[in-house]
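Just below is one structure, and these are the notes that go with it.
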Amino acid sequence: MQSGDPNEATTRLTQTIVDEMKNTDAARQSRDGRLRIFLLLYIGLLAAAGIGLHLYCEKRILAPFRKLQGFARDIAAGNLDLPLAMDRQGIFGAFTESFDLMREELKSARENERSADRSKKELVASLSHDIKTPVASIKAAVEFMLVTQRGEKDKRQLLRIGEKAEQINTLITNMFHATLEDLQELGVSVAEVESTVIPRLIRSADYRGLIRPFEIQSCIVLADAVRLQQIFDNIIGNAYKYAGTELEVHSVIDGQDLIIEVMDFGPGVPDDELPLVPVKFYRGKNAAEQSGYGLGLYIAGSLLSRMSGGIHCENRADGFSVILSLRLA
90 MQSGDPNEAT
100 TRLTQTIVDE
110 MKNTDAARQS
120 RDGRLRIFLL
130 LYIGLLAAAG
140 IGLHLYCEKR
150 ILAPFRKLQG
160 FARDIAAGNL
170 DLPLAMDRQG
180 IFGAFTESFD
190 LMREELKSAR
200 ENERSADRSK
210 KELVASLSHD
220 IKTPVASIKA
230 AVEFMLVTQR
240 GEKDKRQLLR
250 IGEKAEQINT
260 LITNMFHATL
270 EDLQELGVSV
280 AEVESTVIPR
290 LIRSADYRGL
300 IRPFEIQSCI
310 VLADAVRLQQ
320 IFDNIIGNAY
330 KYAGTELEVH
340 SVIDGQDLII
350 EVMDFGPGVP
360 DDELPLVPVK
370 FYRGKNAAEQ
380 SGYGLGLYIA
390 GSLLSRMSGG
400 IHCENRADGF
410 SVILSLRLA
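Sequential numbering of the sequence shown, starting at 90, is according to the numbering used here.
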C-alpha cells in the first residue's frame, strides 16, 4: 500500500481544525446573540415594570399625598372653605375622609367663635350705650346743684363728682367706639370744616380750664366735627391724667395739612414706650395708678386715619406733645 503525501495530510488536518474553529465561533456568536436578546428583553421588562410601578406610585400614593400636603397648608393658612376630594378606594381614603371632617369641625368652631365674639362685642356696645344715660343724668344734676349751692366746700365736692362722672363718660365712650370699630360700625362722615370750629371743640374738651390762650391757623380741613370733639376729649383727658399741668395748643399749616400740637409740661413717656402709646389697650408704666383701658390715643389715631389725617407723640425737654394732622380741603 502506498503512503500518501504528508503535505496533503497536513493540509487536510489544518483545514479540519479551521472548520471546527469556525463552527465553534459561529456557535459562540449564536449563543452570545441569544444572550444579548435575553438581556435586552430582561432590561425592557424591568424598565416597563419600573415605569408601571412609578405610574402606580404617582397616581395612587404620591399625587394623593401631595394633595393632602396642599390641603394641610390651606388649613394652616386658615382656608377652611375648600373641601378635600375623597377617594375612598385609594390608600389615603380613610385619611382624606378624616381630614375633611376635621376641616368641617374647624370651620364650625371658627364660625361659633366669631359669633360668640360678635355677641360679646355687641353686649359691650349695648351696655356702654345704656350706662351713658345715668352718667349724663349725674352730670346734669351736678351742674344744677353747682348753680344752687352756695357753700365753697360743697361746690368743691360737686366739682370732684362732676370730674369723675366725666372720666367715666370718657371711658365708656372709648369702650363703645372701640367696640363699634371692631364691629366695623364706627362711622366717620368727612366734610369741609372751617378751622374756626376747632377752638370751640378744644375748649369744650378742656373742662378744667388748663389750656392757655391759643389760636388756630385759618383754613378749611376735611374732617368730621363730631369725631374731632371725641379726639380732643381723649387727648386732653390723657393730659389731665398723666401730666396734670397747664396745656398749650399750637398750629401751623404744613403743605397740605393743618398741624395741631397739644403740649403738656409733665414727665412725658419713657422713650422705649413712645412707639407703643397709640397701640390698642397699651398702658405705660406711669398709667398703673390711673383708670383707663389704653384706648384714647388708639381711637384718636383710628378716627384721624379715616379723615386722611394722622397722629404721633413726642417727648420734649419740658414735657410731652401729641401732634395731629388734618388734611386741607
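C-beta: ideal position from N, C-alpha, C; glycine also.
Whether or not the segment 273-287 and the segment 247-264 are in contact is what I'm after, with contact meaning three or more pairs of Cβ atoms, one per stretch, closer than 8 Å; do they touch? no
Does Asp343 pass the burial test, meaning 16 or more other C-beta atoms within 10 Å, or should it be called exposed? Against the sequence shown, residue 343 aligns to sequence position 254. Burial call: exposed.
Report yes if the C-beta distance between Leu365 and Asn404 is below 8 Å; otherwise report no. Indexing the sequence shown from 1 puts residue 365 at position 276. Indexing the sequence shown from 1 puts residue 404 at position 315. Taking 8 Å as the Cβ cut-off, Leu365 and Asn404 do not qualify as a contacting pair.
Out of Ile164, Leu130, Met396, state which residue places its alpha-carbon closest to the alpha-carbon of Val315. As a first step, residue 315 must be located in the sequence shown, where it is residue number 226. That would be Met396, whose Cα lies nearest to the Cα of Val315.
Are the segment 297-304 and the segment 330-342 touching by the rule of at least three beta carbon pairs closer than 8 Å? yes
Which residue from Val224, Ala225, Leu393 puts its Cα closest to that of Leu413? Numbered from 1 along the sequence shown, position 324 holds the residue referred to as residue 413. The shortest Cα separation from Leu413 among Val224, Ala225, Leu393 belongs to Leu393.
Please identify the residue among Leu171, Gln238, Ile324, Ala328 whose C-alpha is closest to the C-alpha of Phe188. Mapped onto the sequence shown, residue 188 falls at position 99. The shortest Cα separation from Phe188 among Leu171, Gln238, Ile324, Ala328 belongs to Leu171.
Nearest-angstrom Cβ-Cβ length linking Gly408 and Asp353, presumed shorter than 8 Å: Taking the first residue of the sequence shown as 1, we reach residue 408 at position 319. Taking the first residue of the sequence shown as 1, we reach residue 353 at position 264. Contact holds; Cβ gap of about 5 Å.
Reducing DSSP to helix, strand and coil, say where Gly399 ends up. Residue numbering aside, residue 399 sits at position 310 when the sequence shown is read from its first letter. Looking at Gly399 - three-state DSSP - the assignment turns out to be strand.
Every unbroken alpha helix (DSSP H) inside the segment 138-177 [4 residues or more]: 152-165
By the DSSP assignment, the alpha helix (DSSP H) with Ile286 in it spans what residues? As a position in the sequence shown, residue 286 is number 197, starting the count at 1. The sequence given here has Val at residue 286, not Ile. Run containing Val286: 286-294, per the alpha helix (DSSP H) assignment.
Have a look at Ile227 and Ser197 and give me their C-alpha separation to the nearest angstrom. Residue 227 sits at position 138 when you count from the first residue of the sequence shown. Residue 197 sits at position 108 when you count from the first residue of the sequence shown. Their Cα atoms are separated by approximately 45 Å.
If I'm right that Leu247 touches Val236 with Cβ under 8 Å, what's the distance once you round it to whole angstroms? Position 158 of the sequence shown holds residue 247. Position 147 of the sequence shown holds residue 236. Incorrect: roughly 10 Å between the Cβ atoms, too far for contact.
Asp346 versus Gln318: straight-line alpha-carbon distance, rounded: Residue numbering aside, residue 346 sits at position 257 when the sequence shown is read from its first letter. Residue numbering aside, residue 318 sits at position 229 when the sequence shown is read from its first letter. Looking at the two C-alpha atoms, the distance is approximately 19 Å.
Going by CA-CA distance only, name the one from Ser204, Lys330, Ile164, Arg207 that's closest to Leu190. Position 101 of the sequence shown, counted from the first residue, corresponds to residue 190. When each option's Cα is compared against that of Leu190, the closest is Ile164.
Considering just the uninterrupted stretch of the alpha helix (DSSP H) at Val315, what are its terminal residues? Within the sequence shown, residue 315 is the residue found at index 226, counting from 1. Where Val315 is concerned, the enclosing alpha helix (DSSP H) stretches over 314-331.
Verify whether the separation of the beta carbon atoms of Gly326 and Thr285 is less than 8 Å. Numbered from 1 along the sequence shown, position 237 holds the residue referred to as residue 326. Numbered from 1 along the sequence shown, position 196 holds the residue referred to as residue 285. No. Outside cutoff.
How big is the Cα-Cα spacing for Arg120 and Thr103? Reading the sequence shown from its first residue, position 31 is the one you call residue 120. Reading the sequence shown from its first residue, position 14 is the one you call residue 103. So the alpha carbons of these two residues sit roughly 26 Å apart.
Might you give, ordered along the chain, the residues of its own chain that have their beta carbon closer than 7 Å to the beta carbon of Lys244, omitting 5 neighbours on each side? Start at 1 with the first residue of the sequence shown, and residue 244 comes out as number 155. These residues qualify, in order along the chain: Leu235, Gln238.
For Ser340, count neighbouring Cβ atoms within 10 angstroms of its own Cβ and tell me buried if that reaches 16, exposed if not. The sequence position of residue 340 within the sequence shown is 251, counting from 1. Under this definition Ser340 is a buried residue.
Contacting residues, own chain, Cβ-Cβ under 8 Å from Ile250 (five flanking each side not counted): Residue numbering aside, residue 250 sits at position 161 when the sequence shown is read from its first letter. Within the same chain, Ile250 has close Cβ partners Ile227, Val231.
Could you round the C-beta distance between Leu415 and Ala312 to whole angstroms and report it? I think they count as a contact, below 8 Å. Counting from 1 along the sequence shown, the entry for residue 415 is found at position 326. Counting from 1 along the sequence shown, the entry for residue 312 is found at position 223. Contact holds; Cβ gap of about 6 Å.
Give me, in chain order, the residues of the same chain whose beta-carbon lies closer than 6 Å to that of Ile400; leave out the 5 immediate sequence neighbours on both sides. Start at 1 with the first residue of the sequence shown, and residue 400 comes out as number 311. So the qualifying residues of the chain are Ala389, Gly390, Leu393, Leu413.
To the nearest angstrom, report how far apart Ala356 and Ile291 are at their CA atoms. For the purposes of this step, residue 356 is taken as residue 267 along the sequence shown, with counting starting at 1. For the purposes of this step, residue 291 is taken as residue 202 along the sequence shown, with counting starting at 1. Checking the displayed sequence, the identity of residue 356 turns out to be Pro instead of Ala. Pro356 and Ile291: Cα-Cα distance of roughly 22 Å.
Which stretch, first to last residue, makes up the beta strand (DSSP E) that contains Phe409? If you number the sequence shown from 1, residue 409 lands on position 320. Element bounds for Phe409: 408-416.
Kindly list the residues whose CB is nearer than 7 Å to the CB of Ala418, restricted to its own chain and excluding five residues on each side of it in sequence; keep chain order. For the purposes of this step, residue 418 is taken as residue 329 along the sequence shown, with counting starting at 1. Excluding residues within five positions, the ones whose Cβ falls inside 7 Å are Glu281, Ile309, Val310, Leu311.
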